[in-house]
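Residue numbers (our numbering), protein chains in the order written: chain A, 5 to 118; chain B, -11 to 103. Think of the CB as a built atom: it goes at the ideal place given N, C-alpha and C, for glycine as much as any other residue. Structure record follows, encoded as structure tokens.
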């Protein structure tokens, strides 16, 4: 089992502030890195699937970068809003064939206060 | 609407009893997955299936069993051999990764508790 580390475990953000947090993963045998947002009482929702070193993806105020050589990804939230409160999960794709076998981190819980 | 349906939402198990968690998808996905979540831990893979009538063990398969008789359905049985079954269980599905690296789609989960 390969370790996927997310930090910090939780963070509190004032509404309007920007924030970022990290996902670290084994840099060898990289296939893909997934980010999901998991709001309370809902199912996890896919944000990004990233495969290329240097990849940057954006969805509204949320963006992510990927460094496969050093084994980390950052997720950024610009101008945080209360609706951004959720646990953000990253997952490392262990696939050696064409199917997604994911190893998840424990998540970063984000609380945005008005 | 297309999606994944898990039932029941809450389930209670007596000692020595097997229970089955349902997972149905109408997304026409080939692959389906079962995960377990415990407090403070990431989702851990129990079983996965890439095609009908075939499935593989994940990282924590002991005490669990699955079947994949239909593309749409991937039920998980928690057997009496699973000594610590209290957890939150999530089902997911996806297409082949070679199809543009598709993400996994998740159900709402089932919370299993021991009476």
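Test: residue 148(B) CB closer than 8 Å to a CB of chain A:
Given that chain B is displayed from residue -11 to residue 103, the structure contains no residue 148(B) and the question cannot be resolved.
Is there a C-beta anywhere in chain B that falls below 8 Å from the one on residue 116(A)?
no
Does the separation of the CB atoms of residue 79(A) and residue 25(A) fall below 8 Å?
yes
Ordered list of beta strand (DSSP E) runs contained in the region 18 to 99 of chain B, each at least 3 residues
19 to 25, 32 to 39, 42 to 45, 52 to 54, 64 to 66 and 75 to 82
Take the Cβ of residue 30(A) as the centre, count every other Cβ of all protein chains shown within 10 Å, and call the residue buried at 16 or more, exposed below.
exposed
Length of the line joining the Cα atoms of residue 52(A) and residue 38(A)
C-alpha separation (whole angstroms): 6 Å.
With a threshold of 8 Å between beta-carbons, can residue 110(A) be considered close to chain B, or not?
yes
From residue 45(A) to residue 91(A), what does the alpha carbon distance come to, in whole angstroms?
11 Å
Local conformation of residue 59(A) per DSSP, three classes:
coil
Hey, could you find the ends of the beta strand (DSSP E) residue 34(A) is sitting in?
Run containing residue 34(A): none; DSSP gives neither H nor E here.
Evaluate contact between the region -1 to 13 of chain B and the region 66 to 74 of chain A, counting only Cβ atoms and requiring at least three cross-stretch pairs below 8 Å.
no
Roughly how many whole angstroms lie between the Cα atoms of residue 10(A) and residue 47(B)?
20 Å
In whole angstroms, what separates the C-alpha of residue 40(A) from that of residue 103(B)?
33 Å
Does chain A have any CB closer than 8 Å to the CB of residue 33(B)?
yes
Given 8 Å as the limit, is there contact between the region 7 to 22 of chain A and the region 40 to 57 of chain B, that is, 3 or more CB pairs closer than that?
no
Report the residues of the region 41 to 67 of chain A with a CB closer than 9 Å to any CB of chain B, ordered along the chain.
42, 45, 46, 47, 48, 49, 50, 51, 52, 53, 54 and 55
For residue 24(A), the residue or residues it bridges with in DSSP
80(A)
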